[in-house]
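Q:
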Amino acid sequence: MSEACIFCNSAITPPSIEHIIPASLGNVHYVLARGSVCRQCNQKFGKFENAVLSSREFQKYRNQQLEDKVHDLRRSDLTRFLLKMGYESLYHSKRRIWSKYDFTFLKETLVIGKNHNWEILWAPNHHQYKPIPGWLDRLRLSTIRIDLRYKTSVDTGQLHFLFRFDTFSAAIDLVNPQSGLMSR
-2 MSEACIFCNS
8 AITPPSIEHI
18 IPASLGNVHY
28 VLARGSVCRQ
38 CNQKFGKFEN
48 AVLSSREFQK
58 YRNQQLEDKV
68 HDLRRSDLTR
78 FLLKMGYESL
88 YHSKRRIWSK
98 YDFTFLKETL
108 VIGKNHNWEI
118 LWAPNHHQYK
128 PIPGWLDRLR
138 LSTIRIDLRY
148 KTSVDTGQLH
158 FLFRFDTFSA
168 AIDLVNPQSG
178 LMSR
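First residue of the sequence shown: -2, per the numbering used here; consecutive thereafter.
#1: Using CA coordinates, which residue listed in 118, 38, 30 is at the minimum distance from residue 166?
#2: Please report how far the alpha carbon of residue 30 lies from the alpha carbon of residue 85, in whole angstroms.
#3: Just list the beta strand (DSSP E) runs in the stretch 101 to 137, keeping only unbroken ones of 3 residues or longer that don't cross its boundaries, in chain order.
#4: What does residue 143 pair with, by DSSP beta-bridge criteria?
#5: How many angstroms separate the CA atom of residue 97 from the CA atom of residue 51?
#6: So what does residue 18 bridge to, in DSSP terms?
#7: Quick check: what's the CA-CA separation for residue 110 versus residue 104?
#8: Run the CB neighbour count on residue 157, radius 10 Å, all protein chains shown included, and call it buried at 16 or more, exposed below.
#9: Over what stretch of residues does the alpha helix (DSSP H) that includes residue 83 continue unbroken?
#10: Please report how far the alpha carbon of residue 115 lies from the alpha carbon of residue 174, in whole angstroms.
#11: Looking at C-beta atoms only, is the number of pairs between the stretch 123 to 139 and the stretch 29 to 44 that lie closer than 8 angstroms three or more?
#12: Note the first and the last residue of the continuous alpha helix (DSSP H) segment covering residue 37.
#13: From the DSSP output, in three-state form, read off residue 56 for me.
#14: According to DSSP, is residue 9 helix, strand or coil?
#15: Identify the residues that DSSP records as bridge partners of residue 149: which are they?
#16: Report the residue from 146, 172, 153 whose alpha carbon sits nearest the alpha carbon of residue 162.
#17: Distance check for residue 140 and residue 107, CA to CA, integer angstroms please.
#18: Taking the beta carbon of residue 44 as the centre, do at least 16 other beta carbons fall within 10 Å, making it buried, or is it exposed?
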């Protein structure tokens, strides 16, 4: 019996492992259960993940170099990278929060490539956000300098995801493209 992909709802055969945080960043433990993401979506997502991780800007963080930021990172790749990790991490670790939201725009962006104008918040105050992974996964991710957090607003229906890797941090609303930033 096959499962349905959490992104495109297609049947999954054979089931494969989906890394929420790419394995190339050192993540071996924080993964979705087999049968959560189909091979086609997994391969599609690998393309923009590779684009983000191989950019000079991300290499700077990975190598801990202290040079000026080089902005060769394509905004569309980073947007999809953040949307995918946020969706999967909430699905994996905060299913009650995840189940309360409609991710239609996110899925349209990731699965069919529809161009929604997503806003990225650079270097947000991470103390305003709650941790996503449980304590053991947080500990494991902290050894590779990664932190995943979320913030909700019932009034506006926003669900922000925060990704921190070393000194790099960015947040995005997983539900509402062009929604603007939540009040602090």
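Backbone N, C-alpha and C fix where the C-beta goes; we use that ideal spot for every residue, glycine too.
A: Taking the definition as stated:
#1: On the sequence shown, position 169 is the one that residue 166 refers to. Of 118, 38, 30, the residue nearest in Cα terms is 118.
#2: Position 33 of the sequence shown, counted from the start, is the residue given in the question as residue 30. Position 88 of the sequence shown, counted from the start, is the residue given in the question as residue 85. So the alpha carbons of these two residues sit roughly 11 angstroms apart.
#3: You should have 117 to 119.
#4: Walking along the sequence shown from the start, residue 143 turns up at place 146. In the DSSP assignment, residue 143 is bridged to 162.
#5: Counting from one through the sequence shown, the residue named residue 97 turns up at place 100. Counting from one through the sequence shown, the residue named residue 51 turns up at place 54. The C-alpha of residue 51 is placed about 34 angstroms away from the C-alpha of residue 97.
#6: The count along the sequence shown starts at 1 and reaches residue 18 at position 21. None; residue 18 has no bridge partner.
#7: On the sequence shown, position 113 is the one that residue 110 refers to. On the sequence shown, position 107 is the one that residue 104 refers to. When rounded, the distance between both Cα atoms is 9 angstroms.
#8: Within the sequence shown, numbered from 1, the residue matching residue 157 stands at position 160. Counting Cβ neighbours within 10 Å, residue 157 comes out buried, since at least 16 surround it.
#9: Along the sequence shown, read from residue 1 onward, the residue named residue 83 stands at position 86. Where residue 83 is concerned, the enclosing alpha helix (DSSP H) stretches over 72 to 90.
#10: The residue labelled residue 115 in the question sits at position 118 within the sequence shown. The residue labelled residue 174 in the question sits at position 177 within the sequence shown. Distance from the CA of residue 115 to the CA of residue 174, rounded to the nearest whole angstrom, comes to 4 angstroms.
#11: By the criterion of at least three beta-carbon pairs nearer than 8 angstroms, the stretch 123 to 139 is not in contact with the stretch 29 to 44.
#12: Taking the sequence shown and counting its residues from 1, one reaches residue 37 at position 40. Its alpha helix (DSSP H) spans residues 36 to 50.
#13: Along the sequence shown, one-based indexing puts residue 56 at 59. When secondary structure is reduced to three states using DSSP, residue 56 falls in the helix class.
#14: Working through the sequence shown from its first residue, we reach residue 9 at position 12. Note: residue 9 maps to strand in three-state DSSP.
#15: What you label residue 149 is simply residue 152 of the sequence shown in a count that begins at 1. According to DSSP, which records beta bridges pairwise, residue 149 is partnered with 156.
#16: Counted from its first residue, the sequence shown places residue 162 at position 165. For residue 162, the closest alpha carbon among the candidates 146, 172, 153 is that of 146.
#17: Here the question's residue 107 lines up with position 110 in the sequence shown. Here the question's residue 140 lines up with position 143 in the sequence shown. Approximately 29 angstroms, taken between the alpha carbons.
#18: Along the sequence shown, one-based indexing puts residue 44 at 47. Around the beta carbon of residue 44, fewer than 16 other beta carbons lie within 10 angstroms, which makes this residue exposed.
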